[in-house]
Structures are given as structure tokens and as C-alpha cells.
RNA sequence: GCUGCUGUAGCUCAGAGGUAGAGCACUCCCUUGGUAAGGGAGAGGUCGAGAGUUCAAUUCUCUCCAGCAGCACCA
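Residue numbers (full-length UniProt numbering): 1 to 648.
This is the structure:
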């Protein structure tokens, strides 16, 4: 038999018969490793212990001590064990797919009756039974015909479809957990006995379309989380509880920032505190944009359908637009309008007024543009996904050769702002050409490479979203994360070759001829609404002082101090600090607790001692210790903190 | 939009086929208290909306609306 050489992580190599399995390799090292092994990395690939190795390779044997591999296998095997448990309880449930995801896995089932929350407990119990039976996991490669026949006989149509979708020539691998069988890429554990019976939990059920396609049947997805041990599971559950406390919807209520109500789904009633955040951010953005060479405009909300037809929105976006028809009885003319879902067509109208010269480019046209989109009801989420919102939008009209420089300039602009707002790190996603698109391939080539090299030049890595670009051009997305790890696109930059064409934007070049500008659609915050949601969650409500709507509460300890309290408030207000008095007939403990819960960054306590010394006792949010300072010193310190970072 | 769940006082929630309860918040009174809840009293609800079943519905059924989780969507 042919020999192969396997190299271990310590650099030593040993000869084995070709076709040796990692399980045999592990056992040859020691009996205990043979038992403890869960999988191997062979030439960089994650290998099942049962797969044969046929060529010289590097090999590392994994045990449950290896976090990455162990967690992946635990979660993956639990997906199978869960499917097995479900079919053991309800034999006519059809199985589909069950991948590993963050913290756990899910598995999609086809079943008439919905799973109930009570069912989850029943399934969990069955899973523990299966785990404790400690049955071996085995695998075989089958040929296509046999696998299809098998699943047709078993009445598992989804599996048959899956096999049809696996490219010819790729191995079809079958796995058995005990006598329960599933089509699976692997790898898997040696036995279900390697699973921690006390470190997983089924969390929730939800619908999910088969193959992610809304035209296909909706399946029932059961989610689970799993860890290596009970302690990690518990830590995860605690983390989720903590994250729930940062939910902007909860904090928005507690901090009295905004509310929403049935009569205006997906729209926000901003309260004074919330609107303070909004205007503070808007003022800041306006200063930053002016400094970076933007001009600000403002355009109509209600626009005739003709413009939307010309721009292409009527065709491609109508479902998401609020259409406004004037009651015929009162209409002098029969016009159909739409609330603008985007600002771009209006900006082209501004651009088109008067002749533009190449000397006018790049023209950076900004608008705090109020948009309304009829978002699907299921997509609405607090103030992060709404039907009425305002973008910090701008369109940069430029020549093709300016794309790279403008992109780089924009990324630097965005990252400076994100830094000011406390987001040092953010993800960048790059989406390239989709299947159906407008524009020639060589133009796409140029645009894509310009975006990529500008991103790299600005010093950012990006994830590629192949084929996810807009039909009119490639795009960059700047993604921030909410309290429980959901991603939200905030900033964006999109190259657009199409709209200038459709709306006939032109400029006169140095050669005296008409040319077509390129439009860069870009936003930094994305929308104020979403960004404020993220800002609240990432700070757990403890906003930076300059953004905090209520910055200082001056609280009296005894009512004889009330006069000085008002003097302190007035002094702070004169220094540009948002201060208010709390002279209610309550104990200082009560006041401290209440204002701390509503996230006021600074509480200044004033008793008779302070009145005599003209001092205040300062307590910062989240800190227990206090500091006595003179009124003048506090006003000076807080005035600096209240100043937006760009004005310091 | 789809699947499932939820909707009772400002908030968090309990409750039952016979027209409702708690804690906190709110108002008033007492209390002037030194850094996360001082004491007492009071007020507050068309039980999401509509229809049906029933002697009787907030409770059961249906429809609608909204919210939550996930999926799809996010040009």
C-alpha cells in the first residue's frame, strides 16, 4: 500500500498508509487522544475523523479544547440531533437544512402544525435522551442516483431538491447519528456522547422561506444556541439580558426621547429630549459638510409622477412609494404625486438649472432630505427601520475620473465623523455588479476598481457582497451593529451612471462639448433616525455629554438651597450647558436614582455646605464617587464638554 | 408581505364566561432628608378595533389594526 507523510503541528512527520483516517492517526498517537479527538485540520481543511487522507498533508487533531472547531461541531451535531428528535416525535415532519450560525444553529422543517414554545421543551428533552445514548456518528459517500432514490422512498422532497442543486462531480455524503440519517457536508463528532447535554437551549421558532425565496413554501425554523459548557451558555443568556436593556425602544421610553403609535406606523413622534439629540447631530453634520465643500439644498416632498417615471422609480420602486392622489372633486387638475422616497431625482433637477461647466465639478449637493417609503410591515423596527425618515443625503456630480478621489475623500470624511461620534470601528461592505444592470462592462470595471482602490487607500478592509450592487452602479456600505449584534447599514456610497442619463444631466467640458456627469449617492449617518437608534444602543443610553439631551441636573438637598440651585442652573446655561433644576420635595437619594436611571450625565447636588462655599458636589453617571468643585470651575469644565468636537 | 407569538392603568405585568387587580410612576399631605426608592392618602382602565356565539364576552370564535421574533425586502 502506498505511504503518505503527515506533518504534525510540532513539525514532526510520520508515514502512514494512504487512506488513513484522522481517527486512526489520533489513536496511533495515544489511546486517550483517539477517544478525545473530535476532528482534524488536514491541509487547512476541517476534516471529519472518518475521512480518508490520500496524500501527504499537514494534520492537526482537534479535541473539545479547541474552541473554534469544537463549537462548530457541537452546534452542527446538535442541529442533526434536533432534527432527529423532531422526527422521532413527529415522524411525518420533513427535514431540510440546518446550518451553524452565531452562537448556535437553526434547522428548517416542513410541518403542517406550527411548533409551539412548549414543543421546544419536548424537543430539548428528546435531544438529551439522544445525546445520552452516546451513539456513534458514521458517514459514507453515496452516488447521486442512490441518494435520490433513498430520499424519494423516504418522502423527503426537500432533500431530493438539495441533491439536484449540488454540482455534478461533488461527493454526496451521508451521515448517521445512530440510525438517523441526513445528507450533510460534514464534518461531525465521533459520537453524540461528545455533545454537552447541559450547554444548549432551543430559543425560538420562526418562519423562513425554503432556500430564502419568498415564492417558495414557508418552513418552520427552530433556533438553538450551544456552547462547550453550561457556564458559557449561562454567560450568553446573561449577555442577551444585558443587551435587552440597551434596546433603543426601551431606552427611548425611559429617557423620554420619542414615541410611536398605531395611527402612524413606522413614524416617529420626537419628544423634546429626542429632538435635542436630532438637532445636535444635524447642526454638527451641517458644519462638517460645509467645511468639506458641500452646498446644501432643499427640495419638495410631493412630486408629480412624471418625474418618478423619468427617474425609473415609478417602474422599479412604486411598491415602496406613498402615492398621493388629490380627491377628484376638489382637484383642479388631475395629478398623481408621490412622496419622495429618495432625494436624487430632485437633486438632478437642481443640477439641471442653468448650464454647468466642468469647472463646477465636483459639485457636492447635500440635503437633510425627508423621505417617506412604504416599507413592508414586517421590516419596521423601532426607529431603525421606519417609513418616514431624514437622510443626511448628498449627491456628488463629478466626472468619471473623479470617482476615486471623491470616494477617498468621502471615506475620510465619514471616518472622521464616526470617530467623533464614538464609532472607531465599523464594517465596510463592497457590492459589485448585479446580474441585471445598466451600463457597459468597461464602465463597471472602472467604477468598481475606483471604489476598491479608494477604500484601500483610505486604509479600510472590506467584505465583498458579490452581485449585490445597485442596478445603476456598485456601492459601499458602512455598517454598524446594534445591541444584540444585528447589522445596520448607515453610511453608503453608490456610484450611479444611470440617473444622470435618464434625467439628462450634462455639463460642458473643457473641450466645449456636452458631457454626462457621474453621480455619487452618499450618506454618512444614513438616516438620523437609524443612526440615533444605533447611538443609543451602542452607548446603552449614556450618550456623550455634548449629545446628551439633558446634560446636568442641579438637585437641591434642602429647600433652603433652592435659590443657589437656580443660580447654578443659570450660570451653566449661560455657559452653553443644558442644565435644569430639581428642587422637588424629595431626598437626594431619590433624585440621584431617578436621574441616573434616565441617563443624565452629570448630577450636581447642592446643600447648605455648597451654598456657603459657592460650590457644587458633582456626580457623573455610572460613578459612585463625588467631587466638590467651585461653581466657576464646574461651569468651565462642562462648557468644554458641551462643545461639539468640531468646535473645540 | 409571510410564519409564529402578543395587545389589560403612563410603565412592567397578574387575572377570570357574571362589566377588573398589583408594583412603580402621577396628585395631595406629612417629612428638609448628604448621593440609586422616607411615610400616608388619593386619582387613574370602553381590557387594541369591529363582528359573531351566549341570558351574559374584556375572557370563546372570526376579521381587521398595531407591536415583537425570524424570513423575505432594504432600489
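The C-beta atom is built at its ideal place from N, Cα and C for all residues, glycine as well.
Values in this document were obtained by computation on a predicted structure and should not be read as measured data.
Check whether the Cβ of residue 151 lies closer than 7 Å to any heavy atom of the ligand ADP, and answer yes or no.
Questions concerning the ligand ADP fall outside what the structure shown contains, since it holds no ligand whatsoever.
Applying the 10 Å Cβ sphere with the 16-neighbour rule, what's the burial state of residue 265?
That one is exposed.
If you reduce the DSSP assignment to three classes, tell me which class residue 543 lands in.
When secondary structure is reduced to three states using DSSP, residue 543 falls in the coil class, being assigned neither helix nor strand.
Under the three-state DSSP convention, the category residue 372 falls into:
In the three-state reduction of the DSSP assignment, residue 372 falls in the strand class, which pools E and B.
Write down every uninterrupted run of the alpha helix (DSSP H) in the stretch 523-571 whose length is 4 residues or greater and which is fully enclosed by it, in chain order.
DSSP runs (the alpha helix (DSSP H)) wholly in the stretch 523-571: 528-538.
Report the partner residues of residue 494 according to the DSSP bridge assignment.
Under DSSP, the beta-bridge partners assigned to residue 494 are 475 and 521.
Report back the beta-carbon spacing between residue 173 and residue 139 to the nearest angstrom; my notes put them in contact at under 8 Å.
That pair is a contact at about 6 Å.
Give a yes or no on whether the C-beta atoms belonging to residue 429 and residue 367 are separated by under 8 Å.
If you check the CB distance, residue 429 and residue 367 do not come in under 8 Å.
Work out the CA separation of residue 130 and residue 152 for me, nearest whole Å.
Their Cα atoms are separated by approximately 26 Å.
What would DSSP say about residue 645, mapped onto helix, strand or coil?
Three-state result, residue 645: helix.
Look at residue 490 and residue 534 and say whether their C-beta atoms are less than 8 Å apart.
In this structure, residue 490 places its C-beta atom within 8 Å of the C-beta atom of residue 534.
Check this for me: beta carbons of residue 61 and residue 25, under 8 Å apart or not?
Yes.
Inter-residue CB distance, residue 344 and residue 521 (contact presumed, cutoff 8 Å):
Residue 344 to residue 521, Cβ: 6 Å. Contact.
Cα-Cα separation, residue 528 to residue 254:
The straight-line gap from Cα to Cα measures roughly 20 Å.
Which stretch, first to last residue, makes up the beta strand (DSSP E) that contains residue 430?
Secondary structure note for residue 430: its beta strand (DSSP E) is the uninterrupted segment 427-431.
C-alpha distance - residue 114 paired with residue 157, whole-angstrom precision:
Approximately 19 Å between the Cα atoms of the pair.
First and last residue of the beta strand (DSSP E) that includes residue 299?
Unbroken run through residue 299: none, as it is neither H nor E.
Residue 155 classed as buried or exposed, judged by whether at least 16 other C-beta atoms fall within 10 angstroms:
Exposed.
Distance, Cα to Cα, residue 420 vs residue 360?
If I take the Cα positions, the gap works out to 30 Å.
From which residue to which residue does the beta strand (DSSP E) around residue 261 run?
Counting along the chain, residue 261 sits inside no beta strand (DSSP E), nor does DSSP assign it H or E at all.
Are the Cβ atoms of residue 509 and residue 358 separated by less than 8 Å?
In this structure, the beta-carbon distance from residue 509 to residue 358 falls below 8 Å.
On a CA-only basis, which of 64, 35, 347 and 462 is nearest residue 227? Give me that one, please.
It is 64 whose Cα lies nearest to the Cα of residue 227.
With H, G and I counted as helix, E and B as strand and the rest as coil, what does DSSP make of residue 9?
Correct three-state label for residue 9: coil.
Report all residues from its chain with a CB closer than 7 Å to the CB of residue 72; omit the five preceding and five following residues, and keep chain order.
Cβ neighbours of residue 72 beyond the five flanking positions: 100.
Given this structure, state the Cα-to-Cα distance separating residue 380 from residue 412, to the nearest angstrom.
Spanning the two alpha carbons is a distance of roughly 31 Å.
DSSP on residue 465, reduced to helix/strand/coil?
Looking at residue 465 - three-state DSSP - the assignment turns out to be strand.
Rounded to the nearest angstrom, how far is the Cβ of residue 79 from that of residue 127, given a contact under 8 Å?
With a Cβ gap of about 11 Å, residue 79 and residue 127 do not count as contacting.
Quick check: the stretch 637-648 against the stretch 539-546, are at least 3 beta-carbon pairs closer than 8 Å?
The answer is yes - the stretch 637-648 touches the stretch 539-546, with three or more Cβ pairs under 8 Å.
Between which residues of its own chain and residue 571 is the CB-CB distance below 7 Å, once the five residues before and five after are set aside?
Within the same chain, residue 571 has close Cβ partners 631 and 635.
Inter-stretch contact at 8 Å, needing at least 3 Cβ pairs: the stretch 182-189 / the stretch 44-63:
Flag = yes, the stretch 182-189 and the stretch 44-63 touch.
If you follow the beta strand (DSSP E) that residue 575 is in, where does it begin and where does it stop?
Segment: none, residue 575 is in no beta strand (DSSP E) and carries neither H nor E.
Extent of the continuous alpha helix (DSSP H) run through residue 589
Unbroken alpha helix (DSSP H) run through residue 589: 588-597.
Helix or strand or just coil, what does DSSP make of residue 452?
Reduced to three states, the DSSP call for residue 452 is helix.
Going by Cα to Cα distance, which pick from 94, 143, 195 and 163 is closest to residue 137?
The option with the nearest alpha carbon to residue 137 is 195.
Near residue 2, what residues of its chain come up, given a Cβ to Cβ distance below 7 Å and the 5 sequence neighbours on each side ignored?
So the qualifying residues of the chain are 18.
Neighbourhood of residue 701 by C-beta distance below 7 Å, restricted to the same chain and skipping five residues each side:
There is no way to answer for residue 701, as the model of the chain reaches only from 1 to 648.
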